[in-house]
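In what follows, a structure is listed as structure tokens, so that the remarks can point back to it.
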Amino acid sequence: MKACPILPDVQANKPNVPINLTRVGVTDVKKLVEIKRDNKRPIILTSSFDIFVDLPSDRKGANLSRNFEAVDETLNNIFHLPVYEVEDLCGDIAENLIGRHEYASRAEVRMRSEYVLKRKSPATEIECQQFVDIFADAVAERTENDGCVRVQKTIGAEVMGMTACPCAQSMMQEEAEQQLQKLGVEPEKIAAFLQAVPMATHNQRGRGIISIQTTDTKGVSLDQIIKIIEESMSSNVFEVLKRADEKVVVERAHKNPKFVEDCVRTMAKKVVETFPDLSDDSLVTIKQINEESIHKHNAFAERIARIGDIRDEIAHG
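Per my numbering, the very first residue in the sequence shown carries number 1266; after that it's consecutive.
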């Protein structure tokens, strides 16, 4: 092996314009990631990483090769661990990163992947795959006093589903009631019919997003986050549907009509109920984006808050 010649560290020179930079690094670094689970087959993810450190005003550039070394070293180490979560991977890379960049006070790692779920259609139980976008972030920061590293982690998912509009359905129900009255149908039979058969309305393809930022993500699983999002819309959606399945999905959605605001509020309530051990200062971001079928615009709702604030609002609301 040839010895590497000692070359000047140009990055360590003083820049012409001496100002701090918030983020310097590399983006869209593709890696295969194996996530091990208890008593289950490991998950293989094709992941994209964005990796940054801050840069002080006295350095011309960052040593970017150290970013790749931090990722590869951490990925090699996780093969020896029994169970591992994606947010822990980002946290370990961020800690590794800030250790390699001695001039940095902050390191940030972002990971994006497609997560494949197995689902069965609701009536015929045909197995199909569902792709969900998952993401994890981690920020490692050196404290000024003792130089210790504090890591903040974020875990989240974006899931597709469908919603049925309550407003249009209410108008269609009123119209159906009036027409049945004209036909001489008795009021109690009209009420029973409208209770059994949901009225028509327009639909939206919805995208629900939840992210949870905290120093301790133990007890927060991606599968639970995905389930919360799916259950907060009018109905989940499937890749394969036979006619019997299609009937179930349409009926389910129209019996559970929701505004975009309803979805966000339902997700917030379910996050509080599902993750009781999350600290009150954990930051929760919840979004719902509905692609309208009778408009050219999308409907949007969002809540960003400390989970303690959401707990208080629900408890005293």
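Positions of the beta carbon are idealized from the N, C-alpha and C atoms, including for glycine.
For a test of the three-state rule: what should DSSP assign to PRO1498, helix, strand or coil? Numbered from 1 along the sequence shown, position 233 holds the residue referred to as residue 1498. One detail in the question is off: residue 1498 reads as Met in this sequence, not Pro. In this structure, MET1498 counts as coil in the three-state DSSP scheme.
Top-ranked residue by Cα proximity to ASN1278, from ASN1328, VAL1450, ARG1517: If you number the sequence shown from 1, residue 1278 lands on position 13. The option with the nearest alpha carbon to ASN1278 is ASN1328.
In this structure, how does DSSP classify PRO1431 when only helix, strand and coil are distinguished? Numbered from 1 along the sequence shown, position 166 holds the residue referred to as residue 1431. The answer is helix: DSSP assigns PRO1431 an H, G or I state.
What is the rounded straight-line gap between the Cα of ALA1461 and the Cα of THR1479? Stepping through the sequence shown from its first residue, residue 1461 is reached at position 196. Stepping through the sequence shown from its first residue, residue 1479 is reached at position 214. Rounded to whole angstroms, ALA1461 to THR1479 spans 44 Å at the Cα level.
Which residues in the same chain have their Cβ closer than 7 Å to the Cβ of ARG1470, if we skip the five residues on either side of it in sequence? As a first step, residue 1470 must be located in the sequence shown, where it is residue number 205. Once the five neighbours on either side are set aside, the close Cβ partners of ARG1470 are MET1425, MET1427, GLU1556.
Buried or exposed: which applies to GLY1412, given that a residue is buried once 16 or more other Cβ atoms fall within 10 Å of its Cβ? Position 147 of the sequence shown, counted from the first residue, corresponds to residue 1412. By the 10 Å Cβ count, GLY1412 comes out exposed.
Between the C-alpha atoms of GLU1511 and VAL1505, what's the straight-line distance to the nearest angstrom? What you label residue 1511 is simply residue 246 of the sequence shown in a count that begins at 1. What you label residue 1505 is simply residue 240 of the sequence shown in a count that begins at 1. If you take the alpha carbons of GLU1511 and VAL1505, they lie about 9 Å apart.
Nearest-angstrom beta carbon gap, VAL1514 and PRO1387 [assumed within contact, 8 Å]: The residue you call residue 1387 lines up with position 122 of the sequence shown. The residue you call residue 1514 lines up with position 249 of the sequence shown. About 6 Å separates the two Cβ atoms, so the contact holds.
Counting along the chain, where does the alpha helix (DSSP H) carrying LEU1362 start and finish? Position 97 of the sequence shown, counting from 1, holds the residue named residue 1362. LEU1362 -> alpha helix (DSSP H) spans 1351-1365.
Write down the C-beta distance between ILE1309 and VAL1294 rounded to the nearest angstrom, noting that I regard them as a contact closer than 8 Å. Looking up residue 1309 in the sequence shown gives position 44. Looking up residue 1294 in the sequence shown gives position 29. That pair is no contact at about 17 Å.
Which residues mark the beginning and the end of the alpha helix (DSSP H) in which MET1532 is found? On the sequence shown, position 267 is the one that residue 1532 refers to. Segment 1525-1539, the alpha helix (DSSP H) holding MET1532.
Are the segment 1571-1578 and the segment 1488-1497 touching by the rule of at least three beta carbon pairs closer than 8 Å? Contact annotation: the segment 1571-1578 does not touch the segment 1488-1497, with fewer than three C-beta pairs closer than 8 Å.
Nearest CA to the CA of ALA1619: which residue from ASN1468, GLU1442, LEU1448, GLY1449? It is not possible to answer for residue 1619, since the shown part of the chain is limited to 1266 through 1582.
Taking contact to mean at least 3 C-beta pairs separated by less than 8 Å, is the segment 1290-1304 in contact with the segment 1335-1344? yes
Just to confirm, is the Cβ distance from GLU1350 to THR1539 under 8 Å? Taking the sequence shown and counting its residues from 1, one reaches residue 1350 at position 85. Taking the sequence shown and counting its residues from 1, one reaches residue 1539 at position 274. Going by C-beta atoms, GLU1350 is not nearer than 8 Å to THR1539.
Burial state of ASP1546 (16 or more Cβ within 10 Å): What you label residue 1546 is simply residue 281 of the sequence shown in a count that begins at 1. Exposed is the call here.
Return the CA-CA distance between VAL1404 and GLU1373, expressed in angstroms with no decimal places. Your numbering for residue 1404 matches position 139 in the sequence shown. Your numbering for residue 1373 matches position 108 in the sequence shown. Roughly 4 Å between the two C-alpha positions.
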